[in-house]
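*Asks:* Could you have a look at this structure, given as structure tokens, before my questions?
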Amino acid sequence: IEAIRRLYFHPIAHIPGPRLAALTWWYEFYFDAIQPGQYVFKIQKLHRQYGPIIRVTPDEIHINDVGFLDTVYAPATARRDKYDYQLRSLRIPGGVGTTADYHLHKLRRESLTHFFSKKNILYLEGLITDKVEQLKQLTATHAHNITTKTNKTQQRVRNELLTLTHTKASAHTAAKPAGPTGKESVFDSVRDNANLPDTEGTLLALAGAESPA
87 IEAIRRLYFH
97 PIAHIPGPRL
107 AALTWWYEFY
117 FDAIQPGQYV
127 FKIQKLHRQY
137 GPIIRVTPDE
147 IHINDVGFLD
157 TVYAPATARR
167 DKYDYQLRSL
177 RIPGGVGTTA
187 DYHLHKLRRE
197 SLTHFFSKKN
207 ILYLEGLITD
217 KVEQLKQLTA
227 THAHNITTKT
237 NKTQQRVRNE
247 LLTLTHTKAS
257 AHTAAKPAGP
267 TGKESVFDSV
277 RDNANLPDTE
287 GTLLALAGAE
297 SPA
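As structure tokens, then:
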């Protein structure tokens, strides 16, 4: 049934290309794995045979036409959802970078915007520099046994960062508002934001980066 759907009722069933490529990903696998790295050259031959727009897998098309550049590489205002199956490899279910829906991804990403402002990066720069220096010292101490010590060292630094950031955020909140909104610290606003998945706000705040989106 799935084979019939892919060949005749799939949204891109009308796109020309090899029947086998439309039917299964094994076609791509053969030229990429069995004939290692050859699919890109095979696609060039398929374009000469089928035209500028071809179907190269059951769910993908390949375009060789400069007239489609503005359509394919759409501006940031274009609203497009991501493909769920392409995000599964990141293994962060419900994360910002693994959110397929455009509107939900936008909502979660905007929740982190203030944290990455120049003001707040400078605010935490001293703390991060101190922890990096501590990590360097620990690495030098255990240089001859680095394989067994690295994981413990990273966990120790993460735990201390979490504790110090909580303490620092609480102290500033008690003294005066430190966040960009003038209401609360950026750390707390990110950590407690209802638009973010559980714990991800804290992890991203500590890491200083989010997963690719």
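Note that this note's numbering gives residue 297 to position 211 of the sequence shown, counting from 1, and the numbers run on in steps of one. Where is the CB? At the ideal position from N, CA and C, for every residue including glycine. As the structure is a prediction and not an experimental result, all values here were calculated from the model.
(1) Near T185, what residues of its chain come up, given a Cβ to Cβ distance below 7 angstroms and the 5 sequence neighbours on each side ignored?
(2) If P102 sits next to Y136, beta carbons under 8 angstroms apart, how far is it from one beta carbon to the other, in whole angstroms?
(3) Which partner residues of R92 appear in the DSSP bridge assignment?
(4) In the structure shown, what three-state DSSP assignment does I214 receive?
(5) Output yes or no for whether 8 angstroms exceeds the beta carbon distance between A119 and R141.
(6) How far does the beta strand (DSSP E) with V142 in it reach, from first residue to last?
(7) So, is A264 buried or exposed, given that buried needs 16 or more other C-beta atoms within 10 angstroms?
(8) With the cut-off set at 8 angstroms, would you say Y188 and R174 are in Cβ contact?
(9) Let me see if you follow: with CB-CB separation under 8 angstroms, is R166 close to chain D or not?
(10) Just how far apart, CA to CA, sit R202 and L213?
(11) Check I129 in the structure and name its three-state DSSP category.
(12) Could you please give me the residues that DSSP links to H148 through a beta bridge?
*Replies:* Looking at the atomic coordinates:
(1) Cβ neighbours of T185 within its own chain (closer than 7 angstroms, five residues either side excluded): H191 and R194.
(2) About 4 angstroms separates the two Cβ atoms, so the contact holds.
(3) R92 is not bridged to any residue.
(4) Looking at I214 - three-state DSSP - the assignment turns out to be helix.
(5) With contacts defined as CB atoms closer than 8 angstroms, A119 and R141 fail to qualify as a contacting pair.
(6) Run containing V142: I139 to T143, per the beta strand (DSSP E) assignment.
(7) The pLDDT assigned to A264 is 49, lower than 50, so where the model puts this residue is not dependable; a value taken from the coordinates is nonetheless given after this. A264 should be labelled buried.
(8) Not closer than 8 angstroms, so no.
(9) No chain D is part of this structure, which consists of one protein chain only.
(10) As written in the sequence, residue 202 is Phe, which differs from the Arg given in the question. The straight-line gap from Cα to Cα measures roughly 15 angstroms.
(11) If DSSP states are grouped into helix, strand and coil, I129 belongs with the helices.
(12) H148 has I140 as its beta-bridge partners, per DSSP.
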